[in-house]
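Visitor: Numbering (my numbering), first residue to last: 183 to 404.
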Ligand code: SF4
Ligand code: SF4
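Here is the structure:
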C-alpha cells in the first residue's frame, strides 16, 4: 500500500502568453532546419555503393575472434564471455589444448549474430582480449543458420579487420584500455594458475552441459 507521504505531487508548469504563441519554438526549429540546409555537410550515403565511415572508438559491430602472435586462436576457453552474455547467444565447447602454454582452447565457438544485442559485455569479460566487436555492420545471410558465426568465420572476421584495433574510447564508453601484450601474458598465466587450482568449468572433451564432445579433427588449424 502506498503511503500518503510517499506520493509526490507534480504541478503543471505555468505557460506564459509568449509560450502559447509558440513563436520562439518555431524560430528555434527554423534555425536548426536552415542550419542543416545551408551550412551542415550532407549526411545521405548512397549505400551500398558508398559506405559510411564508422567510428571505431565506440561502434559495436560484428564480433571477431582474435589470433595470438603465433596465429593461433587467442581464446583460452574460460567461458567468461558466455557467462556474461545477457542474450545467451555464445556457445563454446572447450577441449584440451594442443599447446603447452594453455590448458584449454575452444573446439567450437559459435555466436548467434541475430540474437546478439551488441552490448559488448563479452569483450569486457574476456581476460585475454580474444573476443572483440568490430566496426563491420553489413554482414548479411540468407538464413538464420548462416548468421550463427562459428570459430572459423569469427577468425576470418579477424583476418579481414586485424589492421584496425576496435579499442573502445574510455571517455565515451567508460571501458578501460586493455590489450597490450604484457597484460595478455599476465592474464594468461593467472588463468592457468586458476585452472590448476580449481576444477575447470568444463573438463577437456566435455561441453558445458557435461556431455562428451567429439574430439577435434585437426588441431593444427585451430
Ligand atoms: S555483444 Fe552482448 S549480447 Fe552480443 S554476444 Fe557479446 S555479450 Fe552477448
Ligand atoms: S572470455 Fe575470452 S578467453 Fe574466455 S571463452 Fe570468451 S573469448 Fe575465450
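From the three backbone atoms N, C-alpha and C, an ideal C-beta is built for every residue, glycine too.
From a predicted model like this one, the values you see are computed outputs, not experimental measurements.
For residue 338, which three-state DSSP category applies?
Guide: Locating residue 338 in the chain shown gives position 156, where the first residue counts as 1. In this structure, residue 338 counts as helix in the three-state DSSP scheme.
Visitor: Go ahead and pull the three-state DSSP assignment for residue 191.
Guide: Translated into positions along the chain shown, residue 191 becomes position 9. Residue 191: coil per DSSP, three-state reduction.
Visitor: I need the boundaries of the alpha helix (DSSP H) containing residue 207, first residue and last residue.
Guide: What you label residue 207 is simply residue 25 of the chain shown in a count that begins at 1. Its alpha helix (DSSP H) spans residues 205-220.
Visitor: Inspect the CB distances between the stretch 216-226 and the stretch 279-290 and report whether three or more fall short of 8 Å.
Guide: no
Visitor: Buried or exposed for residue 227, going by 16 or more other Cβ atoms inside 10 Å?
Guide: Stepping through the chain shown from its first residue, residue 227 is reached at position 45. Residue 227 should be labelled exposed.
Visitor: Does the distance from the C-beta atom of residue 244 to that of residue 316 stay below 8 Å?
Guide: Along the chain shown, one-based indexing puts residue 244 at 62. Along the chain shown, one-based indexing puts residue 316 at 134. Yes, they are a contact pair.
Visitor: Using CA coordinates, which residue listed in 309, 184 and 323 is at the minimum distance from residue 492?
Guide: Nothing about residue 492 can be reported from this structure: the residues present for the chain run from 183 to 404 only.
Visitor: Residue 321 to residue 256, Cα distance in whole Å?
Guide: As a first step, residue 321 must be located in the chain shown, where it is residue number 139. As a first step, residue 256 must be located in the chain shown, where it is residue number 74. Cα to Cα, the separation comes out at about 23 Å.
Visitor: Please give the ranges of any alpha helix (DSSP H) in the stretch 278-310, keeping only runs that are unbroken, at least 4 residues long and fully inside the region.
Guide: Fully enclosed alpha helix (DSSP H) runs of 4 or longer: 303-307.
Visitor: Please indicate yes or no: does the CB of residue 267 lie closer than 7 Å to some heavy atom of ligand 1?
Guide: Counted from its first residue, the chain shown places residue 267 at position 85. True, at least one ligand heavy atom lies under 7 Å from that Cβ.
Visitor: Going by the C-beta, is residue 293 closer than 7 Å to any heavy atom of ligand 1?
Guide: For the purposes of this step, residue 293 is identified with residue 111 of the chain shown, where counting begins at 1. Yes; taking the cut-off as 7 Å, the Cβ of residue 293 has a heavy atom of ligand 1 nearer than that.
Visitor: Using CA coordinates, which residue listed in 266, 206 and 239 is at the minimum distance from residue 306?
Guide: Residue mapping note: residue 306 aligns to position 124 of the chain shown, counting from 1. Nearest C-alpha to residue 306: 266.
Visitor: Near residue 296, which residues of its chain fall below 7 Å by C-beta distance, leaving aside the five closest residues on each side in sequence?
Guide: Here residue 296 is taken as the residue at index 114 of the chain shown, counted from 1. Only 326 and 329 meet the Cβ criterion.
Visitor: Is the beta carbon of residue 289 less than 8 Å from the beta carbon of residue 275?
Guide: One-based indexing of the chain shown puts residue 289 at position 107. One-based indexing of the chain shown puts residue 275 at position 93. Yes. Within cutoff.
Visitor: Return the first residue and the last residue of the alpha helix (DSSP H) that residue 263 is part of.
Guide: As a position in the chain shown, residue 263 is number 81, starting the count at 1. That run of the alpha helix (DSSP H) goes 262-266.
Visitor: Please return the same chain residues whose Cβ sits closer than 6 Å to the Cβ of residue 397, not counting the five positions on each side in sequence.
Guide: The count along the chain shown starts at 1 and reaches residue 397 at position 215. With a pLDDT of only 42 at residue 397, under the threshold of 50, the placement of this residue in the model should not be trusted; the figure read from the coordinates follows. Around residue 397: no qualifying Cβ.
Visitor: Please confirm whether residue 323 and residue 242 have their CB atoms less than 8 Å apart.
Guide: Counting from one through the chain shown, the residue named residue 323 turns up at place 141. Counting from one through the chain shown, the residue named residue 242 turns up at place 60. For residue 323 and residue 242, no; Cβs fall outside 8 Å.
Visitor: For residue 362, I'd like the list of residues in its chain whose CB is within less than 7 Å of its CB, leaving aside the five on either flank, ordered along the chain.
Guide: Residue mapping note: residue 362 aligns to position 180 of the chain shown, counting from 1. Here the model assigns residue 362 a pLDDT of 48, short of 50, so the residue's position is not dependable, and the following value carries that caveat. Nothing meets the Cβ criterion.
Visitor: Taking only runs of the alpha helix (DSSP H) that begin and end inside the stretch 313-337, which ones reach a length of at least 4 residues, in chain order?
Guide: none
Visitor: Spatial neighbours of residue 393 within its chain, please: CB distance less than 7 Å, with the 5 preceding and 5 following residues excluded, ordered by chain position.
Guide: Here the question's residue 393 lines up with position 211 in the chain shown. For residue 393, the pLDDT reaches just 44, beneath the cut-off of 50, and the residue's location in the model is therefore unreliable, leaving the point undetermined.
Visitor: When the Cα atoms are used, what is the spatial distance from residue 337 to residue 234?
Guide: Residue 337 sits at position 155 when you count from the first residue of the chain shown. Residue 234 sits at position 52 when you count from the first residue of the chain shown. So the alpha carbons of these two residues sit roughly 24 Å apart.
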